[in-house]
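Using our numbering, you'd call the opening residue of the sequence shown number 9 and step up by one each time. A short worksheet on the structure shown next.
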Amino acid sequence: MTGEELLRYCLAKPGAWPDEPWEGDTVAKVGAKIFAFLGGGDTVGVKCGKGRDLADEWLDRYPADATASAYIGRHGWNTLRLGGAIPDDEIYEAVDASYDAVVATLPRKDRP
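What follows is the structure, encoded as C-alpha cells:
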C-alpha cells in the first residue's frame, strides 16, 4: 500500500477530512480531532489503545516497523511503517480502530 492509497482510505470514512497543520505533514481528521498522521507517506500514526500498555502490543509484534509516536506515544499513539512486516490489512484495521476511538471522544453533536 502507498501513502496515497492510505490517505484515500482515511478520507472515505464518514466525516473525515484532510488537514496540514504542519508544513508537509498531512493528517486525517474527524470533527476537530486527528485520527491518522500520514506525514511523508511511508508511515501512519494511529491511536492503538488508551495508553502504552495496549499500544505496546504493536511494538512487541513488529519491533522493526512499529514505534511509539513522538510526543503523544504515552497516550497510546504508535507510528506504523508502510511496506514493512505489518500486513496491509492490519494497518487498515489500526486506522479503523483509531478512527473509532477518536469518534467516541467527540461530543455527540459532532459525531458523523
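Virtual Cβ for every residue (Gly too), placed ideally from N, Cα, C.
Please say whether residue j and residue i have beta carbons closer to each other than 8 Å?
i	j	result
residue 84	residue 117	no
residue 50	residue 90	yes
residue 52	residue 45	yes
Would DSSP call residue i helix, strand or coil?
i	result
residue 114	coil
residue 89	strand
residue 84	coil
residue 94	coil
residue 31	coil
With a CB to CB cut of under 8 Å and the five nearest residues on each side skipped, what residues in its chain are close to residue i?
i	result
residue 67	74, 75, 76 and 86
Give the C-beta separation of residue i and residue j to the nearest angstrom, bearing in mind that I take them to be a contact with Cβ-Cβ under 8 Å.
i	j	result
residue 54	residue 103	6 Å
residue 120	residue 38	7 Å
residue 99	residue 9	7 Å
By the 10 Å Cβ neighbour count, where 16 or more other Cβ atoms means buried, how is residue i classified, buried or exposed?
i	result
residue 17	buried
residue 78	exposed
residue 40	exposed
residue 63	buried
residue 93	exposed
residue 112	exposed
residue 19	exposed
Less than 6 Å between C-beta atoms, sequence neighbours within five positions excluded: which residues of the same chain meet that for residue i?
i	result
residue 15	46
residue 21	107
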